[in-house]
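Encoded as C-alpha cells, the structure appears first; notes follow it.
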Amino acid sequence: MSWVVFITLLSLFSFSNTDLPSVKIPNLDKLVHFTFYSVAAVLGTLSLKEFFVVNKGKTLALWYLAFFLIGYGILIEVLQDRFTVTRSGEFLDFVANTIGVLTGLFTAKTFFLRESRLK
Numbered sequence: 000m001s002w003v004v005f006i007t008l009l010s011l012f013s014f015s016n017t018d019l020p021s022v023k024i025p026n027l028d029k030l031v032h033f034t035f036y037s038v039a040a041v042l043g044t045l046s047l048k049e050f051f052v053v054n055k056g057k058t059l060a061l062w063y064l065a066f067f068l069i070g071y072g073i074l075i076e077v078l079q080d081r082f083t084v085t086r087s088g089e090f091l092d093f094v095a096n097t098i099g100v101l102t103g104l105f106t107a108k109t110f111f112l113r114e115s116r117l118k
C-alpha cells in the first residue's frame, strides 16, 4: 500500500520546470494515465486472484477494484486541481484513467481469470 502513497505524492509535484531536455508529444500524458491505470488494474486483478477461488467472489472483488481505482483517479485529479499551483486536474485525465481501468480489467479477466476447459 505504500506504493499508492508514493504515487499520490509524486502526482502532486510538477517536474516541468527542470533543465532536462524534453520532447513535446501531444496528449502523451493521456497515454501515460491510460497505461498506469491499465497496469494497476491488471496487477490488482492478479493480486485478487490469489485470494478468491470462488468465481462470485472474484467478480465482486473486481467491482471493488474498479471502484477503488476510478475513485483514486478522481481523488488525484481533485487534489491536483485544489492543492497545487503547478498542476491542474483535467476531465480528460479522468477519462483516460477510467478507460485504462476498464481495459486493464477486461484484459486481465480475458487472459488470467479464464476457467480452463480441459480437465
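Every letter in the sequence shown is one number past the one before it in numbering that gives the first Met the number 0, and letter 81, counting from 1, is 80. C-beta: ideal position from N, C-alpha, C; glycine also. Computed from a predicted structure; not experimentally measured.
heavy atom of the ligand FMN below 8 Å from residue i C-beta
{"i": "Val-38", "result": "The ligand content of the structure shown is nil, which means the ligand FMN is not present either."}
Minimum C-alpha distance to residue i - residue among the options
{"i": "Ser-87", "options": "Lys-23, Val-4, Val-22, Asp-28", "result": "Asp-28"}
{"i": "Val-77", "options": "Leu-91, Leu-64, Ala-65", "result": "Leu-91"}
{"i": "Lys-57", "options": "Pro-25, Thr-44, Phe-105", "result": "Thr-44"}
{"i": "Phe-33", "options": "Thr-106, Phe-93, Ile-73, Ala-107", "result": "Phe-93"}
{"i": "Phe-35", "options": "Arg-113, Phe-110, Leu-112, Thr-97", "result": "Thr-97"}
{"i": "Gly-72", "options": "Thr-83, Glu-89, Arg-113", "result": "Glu-89"}
{"i": "Phe-5", "options": "Ile-75, Pro-25, Phe-50", "result": "Ile-75"}
Whole-angstrom C-beta distance between residue j and residue i, which should lie under 8 Å
{"i": "Ser-46", "j": "Thr-102", "result": "18 Å between Cβ atoms; not a contact."}
{"i": "Leu-68", "j": "Ala-95", "result": "Not really, about 12 Å apart at Cβ, beyond 8 Å."}
{"i": "Val-41", "j": "Thr-106", "result": "6 Å"}
{"i": "Leu-104", "j": "Leu-59", "result": "Leu-104 to Leu-59, Cβ: 13 Å. No contact."}
Pair within 9 Å by beta-carbon distance, residue i and residue j
{"i": "Ala-123", "j": "Val-100", "result": "Here the chain covers residues 0 to 118 and nothing more, so residue 123 does not appear."}
{"i": "Lys-48", "j": "Phe-110", "result": "no"}
Q: At 3 residues or longer, and completely inside the region 18–90: list those beta strand (DSSP E) runs for me, N to C.
A: none
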